[in-house]
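Below: the structure, in structure tokens.
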Amino acid sequence: MRDIGKYQGIIPAFYACYDGQGGISTQRTKQWAAYLLGLGVKGVYVCGSSGECIYQGVADRKKTLEAVMETVGGKMTVIAHVACNNTADSVELAGHAQRLGVDAIAAIPPIYFRLPERSIARYWNDISAAAPDTDFIIYNIPQLAGTALTMPLFREMLKNPRVAGVKNSSMPIQDIQMFKAEGGADFAVFNGPDEQLVGGLAIGADGAIGGTYGVMPELYMKIFDLCRAGRYDEARPIQYACNDIIAELCAGQGHMYALIKEVIRRRTGIDLGGVRRPLADCEPGDEPHVLRSIGLIDEAIQKYC
Numbered sequence: 002m003r004d005i006g007k008y009q010g011i012i013p014a015f016y017a018c019y020d021g022q023g024g025i026s027t028q029r030t031k032q033w034a035a036y037l038l039g040l041g042v043k044g045v046y047v048c049g050s051s052g053e054c055i056y057q058g059v060a061d062r063k064k065t066l067e068a069v070m071e072t073v074g075g076k077m078t079v080i081a082h083v084a085c086n087n088t089a090d091s092v093e094l095a096g097h098a099q100r101l102g103v104d105a106i107a108a109i110p111p112i113y114f115r116l117p118e119r120s121i122a123r124y125w126n127d128i129s130a131a132a133p134d135t136d137f138i139i140y141n142i143p144q145l146a147g148t149a150l151t152m153p154l155f156r157e158m159l160k161n162p163r164v165a166g167v168k169n170s171s172m173p174i175q176d177i178q179m180f181k182a183e184g185g186a187d188f189a190v191f192n193g194p195d196e197q198l199v200g201g202l203a204i205g206a207d208g209a210i211g212g213t214y215g216v217m218p219e220l221y222m223k224i225f226d227l228c229r230a231g232r233y234d235e236a237r238p239i240q241y242a243c244n245d246i247i248a249e250l251c252a253g254q255g256h257m258y259a260l261i262k263e264v265i266r267r268r269t270g271i272d273l274g275g276v277r278r279p280l281a282d283c284e285p286g287d288e289p290h291v292l293r294s295i296g297l298i299d300e301a302i303q304k305y306c
């Protein structure tokens, strides 16, 4: 029976760290990884949506993962998202991730062309075969990928013994219940939508991977601990506070991750750089949203943590 303990907890989606010229910064990547390790999060999810993976090449993603593994490998759970919009690059990243010793690899389905489910299964299985000694996590995010993980496709993927979990970012919480019931006790299901962490844990999620976890990990770790103790009434107001902060982070002209990085810079002194175009960086009009986000985060941490 598979031990899924390494997946049970709060796993921030790792933000892309750029230098002043917009290239991947090894130094900043290592600094950010060390910061998250020091806070006590369960692990990191590297080169996913929050890592701006679809705007990066294979070399960029290798450089980021190498810096993360040099800093926290063996000290926390590391899941590497390796999907590209073609099989060859995805396979290359999967093999690279296994050689570095990650705990798991993950992949969204191919985007743009609508593929039959047999093609999606072959794509995921080809990626998994390139890392035969590593767990494989399916990333279900239909609102962005354009393809949903259906139960027939899920059952087909469960024939692959390396398939160890689903990062479920679909909005219906019931999907978590169905994947958990079908996958079994030793199959990990991660809550994806940050705004419904309490609900996802209540219905059976083992752990959680989220794009706003890095900007306020203390709050999400508190939610996780309270829910695991069955104290949902205490967790709920913290969820509400997180949701208010998320709304503020999404209210600017710049992309949410641009505002998140500015909040992190001001709260922690860690400069992760901007975001990669075509994502929009912060605009002067975003200043009130940044300041309100900082105030809400500090207030919530003081109140609940």
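Residue numbers (the numbering used here): 2 to 306. Beta carbons: idealized from backbone N, C-alpha and C, even for Gly. Since the model is a prediction, treat every value here as computed from it, not as a measurement.
Handout entry: CA nearest to the CA of Leu101, picked from Thr78, Ala236, Tyr258, Arg123
Key = In the sequence shown, counting from the first residue as 1, residue 101 sits at position 100. It is Thr78.
Exercise for the section: Under the assumption that Ser1 contacts Arg163 (Cβ atoms under 8 Å), give the Cβ distance between them as a whole number of angstroms. Expected result: What the structure shows of the chain is the stretch from 2 to 306, and residue 1 is not part of that stretch, so it cannot be assessed.
Practice task
Go ahead and label Thr65 buried or exposed: buried means 16 or more other beta carbons lie within 10 angstroms of its beta carbon, across all protein chains shown.
Solution key: Here residue 65 refers to the residue found at position 64 of the sequence shown. Classification of Thr65: buried, given that the 10 Å Cβ count is 16 or more.
Practice task
Along the beta strand (DSSP E) that carries Asn192, what are the first and last residues, could you check?
Solution key: Here the question's residue 192 lines up with position 191 in the sequence shown. Asn192 -> beta strand (DSSP E) spans 189 to 192.
Problem - Proximity below 8 Å, CB of Asp136 to CB of Ala165 - result: As a working mapping, residue 136 is identified with position 135 in the sequence shown. As a working mapping, residue 165 is identified with position 164 in the sequence shown. Yes. Within cutoff.
Problem - Three-state secondary structure assigned by DSSP to Tyr113 - result: Here residue 113 refers to the residue found at position 112 when the sequence shown is read from its first residue. Correct three-state label for Tyr113: coil.
Exercise for the section: Leaving aside the five residues before and after Lys223 along the sequence, list all residues of the same chain whose C-beta is less than 7 Å from its C-beta, in chain order. Expected result: Along the sequence shown, read from residue 1 onward, the residue named residue 223 stands at position 222. Closer than 7 Å at the Cβ level, and outside the excluded window around Lys223, lie Ile239, Tyr305, Cys306.
Exercise for the section: Note down, in chain order, each residue of its chain lying with its Cβ closer than 7 Å to the Cβ of Asn244, except the 5 sequence neighbours on either side. Expected result: Along the sequence shown, one-based indexing puts residue 244 at 243. Counting only Cβ-Cβ distances below 7 Å, and skipping sequence neighbours, we find Glu196.
Handout entry: Proximity below 8 Å, CB of Leu297 to CB of Tyr16
Key = The residue you call residue 297 lines up with position 296 of the sequence shown. The residue you call residue 16 lines up with position 15 of the sequence shown. Not in contact: Leu297 and Tyr16 (Cβ atoms no closer than 8 Å).
Problem - Cβ-Cβ distance between Asn192 and Gly185 below 8 Å - result: In the sequence shown, counting from the first residue as 1, residue 192 sits at position 191. In the sequence shown, counting from the first residue as 1, residue 185 sits at position 184. No, the Cβ-Cβ distance between Asn192 and Gly185 is not below 8 Å.
Exercise for the section: Could you tell me if Gly311 is buried or exposed, where buried requires 16 or more neighbouring beta carbons within 10 angstroms of its beta carbon? Expected result: No statement about residue 311 is possible, as the shown extent of the chain runs from 2 to 306 and does not include it.
Handout entry: beta strand (DSSP E) segment containing Asn141, residue limits
Key = Here residue 141 corresponds to residue number 140 of the sequence shown, with the count starting at 1. Element bounds for Asn141: 136 to 141.
Practice task
Express the C-alpha separation of Ser294 and Tyr56 in angstroms, rounding to a whole number.
Solution key: For the purposes of this step, residue 56 is identified with residue 55 of the sequence shown, where counting begins at 1. For the purposes of this step, residue 294 is identified with residue 293 of the sequence shown, where counting begins at 1. The alpha-carbon atoms of Tyr56 and Ser294 are separated by roughly 26 Å.
Practice task
Pull up the distance between the alpha-carbon of Asp226 and that of Asp104, whole angstroms please.
Solution key: The residue labelled residue 226 in the question sits at position 225 within the sequence shown. The residue labelled residue 104 in the question sits at position 103 within the sequence shown. Taking the straight line from one Cα to the other gives about 23 Å.
Problem - Counterpart residues of Lys168 in DSSP-defined beta bridges - result: Stepping through the sequence shown from its first residue, residue 168 is reached at position 167. DSSP, once it has assigned bridges, lists Tyr140, Phe191 as partnering Lys168.
Practice task
Could you name the residues that DSSP lists as bridge partners for His82?
Solution key: One-based indexing of the sequence shown puts residue 82 at position 81. DSSP output for His82 lists Ala107 as bridge partner(s).
Handout entry: For Leu116 and Gly49, the rounded distance between their alpha carbons
Key = What you label residue 49 is simply residue 48 of the sequence shown in a count that begins at 1. What you label residue 116 is simply residue 115 of the sequence shown in a count that begins at 1. Roughly 21 Å separates the two Cα atoms.
Exercise for the section: Ignore the nearest five residues each way along the sequence and tell me which others in Asp90's own chain have a CB closer than 6 Å to its CB. Expected result: On the sequence shown, residue 90 is found 89 positions in, with the first residue counted as 1. The answer, listed in chain order, is Val59.
Problem - Val276 - DSSP class collapsed to helix/strand/coil - result: For the purposes of this step, residue 276 is taken as the residue at position 275 of the sequence shown. Reduced to three states, the DSSP call for Val276 is coil.
Practice task
Take every Cβ of the region 285 to 293, pair it with every Cβ of the region 253 to 265, and state whether three or more of those distances are shorter than 8 Å.
Solution key: yes
Exercise for the section: Under 8 Å Cβ to Cβ from Ala98, same chain only, skipping five residues before and after it: list those, please. Expected result: The sequence position of residue 98 within the sequence shown is 97, counting from 1. Leu66, Ala81, Val83, Ile106, Ala132, Thr135.
Problem - Reference Ile138; option with closest CA among Gln254, Lys76, Val47 - result: Start at 1 with the first residue of the sequence shown, and residue 138 comes out as number 137. Residue Val47 is the option with its Cα nearest to Ile138.
Handout entry: Span separating the alpha-carbon of Thr148 from that of Arg266
Key = Counting from 1 along the sequence shown, the entry for residue 148 is found at position 147. Counting from 1 along the sequence shown, the entry for residue 266 is found at position 265. Cα to Cα, Thr148 sits roughly 35 Å from Arg266.
Exercise for the section: Out of Ala206, Gly205, Leu250, point me to the one whose CA is closest to Gly215's CA. Expected result: Numbered from its first residue, the sequence shown carries residue 215 at position 214. Among Ala206, Gly205, Leu250, the Cα nearest to that of Gly215 belongs to Leu250.
Handout entry: Contact belief for Gly10 with Lys43 at Cβ below 8 Å, rounded distance in angstroms
Key = As a first step, residue 10 must be located in the sequence shown, where it is residue number 9. As a first step, residue 43 must be located in the sequence shown, where it is residue number 42. Going by Cβ atoms, the distance from Gly10 to Lys43 rounds to 3 Å, so yes, they are a contact pair.
Handout entry: Opposing strand residues paired with Pro13 [DSSP bridges]
Key = The residue given as residue 13 occupies position 12 in the sequence shown. Note: Pro13 sits in a beta bridge opposite Gly211.
Practice task
Could you check the C-alpha separation between Met158 and Ile121 for me, to the nearest Å?
Solution key: The count along the sequence shown starts at 1 and reaches residue 158 at position 157. The count along the sequence shown starts at 1 and reaches residue 121 at position 120. Approximately 10 Å, taken between the alpha carbons.
Practice task
Compare the Cα-Cα distances from Tyr19 to each of Pro13, Ile12, Trp33 and report the closest residue.
Solution key: Position 18 of the sequence shown, counting from 1, holds the residue named residue 19. Of Pro13, Ile12, Trp33, the residue nearest in Cα terms is Trp33.
Handout entry: Assumed close pair Pro13, Gly231 - CB separation to whole angstroms, cut-off 8 Å
Key = By one-based count along the sequence shown, residue 13 stands at place 12. By one-based count along the sequence shown, residue 231 stands at place 230. Rounded, the Cβ-Cβ distance is 24 Å, inconsistent with contact.
Handout entry: Through-space distance from Arg277 to Tyr233, alpha-carbon basis
Key = Reading the sequence shown from its first residue, position 232 is the one you call residue 233. Reading the sequence shown from its first residue, position 276 is the one you call residue 277. Going from the Cα of Tyr233 to the Cα of Arg277 covers about 38 Å.
Problem - Three-state class that DSSP yields for Val47 in the structure shown - result: Your numbering for residue 47 matches position 46 in the sequence shown. In this structure, Val47 counts as strand in the three-state DSSP scheme.
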